[in-house]
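In UniProt numbering, the protein residues as written are 1 to 189.
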């Protein structure tokens, strides 16, 4: 029998640890592929547990549950399952360069991707990683330039603020001297 923590991490449809869990508006979670299969069989788009109609056609990913499920599988010595196509439940092996999305072999041969260009998903991931790294380096360089400019202006400003503080201090002292020197005159009258 599964432990209580494992039961909490199991999809009510497939009874296995969640893979790409999504969250319905009724707060029930399911594997994305399980829910899509369920909805293909029952087009009313209702929750498999409570039968409430879903307010969303594309429910959001339940990231907390996804992270917990993956951590649980790693703890048990299993690799988290690889991403599966939400339409065909096939392993995502290719990346469509035209749609900028991972696809399975069935999707590649479908009308949706006719005459599109594809790359192996690992190769596309490396290319995108390099693009992201380059963009991040450019942003970091811009950040450093802005930081230097800010620090220069802040240095000028802090020097100016010091001058103003000295002037205020001097004004306060002069006002104090003025008040001290007026007191005997006022007393005299």
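Don't be surprised by glycine CBs; every beta carbon is placed ideally from N, CA and C.
Going straight from the alpha carbon of residue i to that of residue j, what length do you get?
| i | j | result |
| --- | --- | --- |
| residue 122 | residue 151 | 42 Å |
| residue 18 | residue 114 | 32 Å |
| residue 61 | residue 69 | 13 Å |
| residue 28 | residue 48 | 9 Å |
| residue 10 | residue 33 | 14 Å |
| residue 148 | residue 74 | 44 Å |
| residue 135 | residue 107 | 30 Å |
| residue 64 | residue 83 | 17 Å |
For residue i, which residues of its own chain have a beta-carbon under 8 Å away from its beta-carbon, when the five flanking residues on both sides are left out?
| i | result |
| --- | --- |
| residue 36 | 86 and 87 |
| residue 119 | 94, 95, 97 and 127 |
| residue 5 | 72 |
At what residues does the beta strand (DSSP E) containing residue i begin and finish?
| i | result |
| --- | --- |
| residue 92 | No beta strand (DSSP E) holds residue 92; DSSP gives it neither H nor E. |
So for residue i, helix, strand or coil by DSSP?
| i | result |
| --- | --- |
| residue 103 | strand |
| residue 119 | strand |
| residue 168 | helix |
| residue 53 | strand |
| residue 34 | helix |
| residue 22 | strand |
Look at residue i and residue j and say whether their C-beta atoms are less than 8 Å apart.
| i | j | result |
| --- | --- | --- |
| residue 66 | residue 12 | no |
| residue 56 | residue 25 | yes |
Residues in the same chain with beta-carbon distance under 7 Å from residue i, minus the five sequence neighbours each way, listed in chain order, please.
| i | result |
| --- | --- |
| residue 124 | 95 |
Can you give me the start and stop residues for the alpha helix (DSSP H) that residue i sits inside?
| i | result |
| --- | --- |
| residue 66 | 63 to 75 |
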